[in-house]
Amino acid sequence: MFVYLWVLFGLFALHEDIVLRQHGIRFVFHGFALVNALVLAKVMLVAEDLKLGHRFQARPLIYQIVLEAFILATLFIAVHILEHTIGGLIAGETLAASVPSIGGGGMQGLFCVALILFVALIPFFGFRHISRELGPGRIKAMLFGRRESAAQAKPPV
């Protein structure tokens, strides 16, 4: 979880760096990717322990994958807002000044960030659930194991 989130947030920081450089701004703090990945991986573990999104286990796998991606994207944004609001209040800011603007502010920015997070989490949950369905180590062996040529492969039984 942590590594996936760290790569994801690192790519977001890299994108932000590119956009700011286009406007002549040469500063982006990349350390937030590491810290946010640690915090939000913990949020993912707590959500997993609470079994959020496990209602759809009897349905096709895509329902559970999409639902968990949606729940976690929503939860990530809520935790981000809560984290910044508490930090601002501790620093002596007013409640209104403590609430962060997400995606440039407004509902459109919030929706864009939520959509990006949602789509970015689908492969994580897809890989995870498909791996669980195939059995321990099967996907890892398929992706990282040695492949046989078509002539050497055994015919299916």
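Take any residue in the sequence shown, note its place counting from 1, add 1068, and you have its number in this note's numbering.
The C-beta atom is built at its ideal place from N, Cα and C for all residues, glycine as well.
Item, Value
"Alpha helix (DSSP H) segment containing Ile-1154, residue limits", "1129-1158"
"C-beta atoms of Val-1107 and Glu-1136 nearer than 9 angstroms", "no"
"Reduced DSSP secondary structure (H/G/I, E/B, other) of Leu-1088", "helix"
"Close Cβ partners of Ala-1182 (< 8 angstroms) along its chain, the five nearest in sequence each way excluded", "Ala-1141, Thr-1142, Ile-1145"
"Rounded straight-line distance, which links the Cα of Val-1087 to that of Gly-1194", "30 angstroms"
"Same chain only: Cβ atoms within 7 angstroms of Leu-1102, ignoring 5 sequence neighbours per side", "Trp-1074"
"Neighbourhood of Ser-1166 by C-beta, 6 angstroms cutoff - its chain only, sequence neighbours within 5 removed", "Thr-1153, Gly-1156, Leu-1157"
"Burial state of Leu-1185 (16 or more Cβ within 10 Å)", "buried"
"C-beta contact flag for Val-1147 and Val-1111 at 9 angstroms", "yes"
"For Pro-1191, the three-state DSSP class (helix, strand or coil)", "helix"
"Beta-carbon proximity list for Gln-1090, same chain, < 8 angstroms, skipping 5 on both sides", "none"
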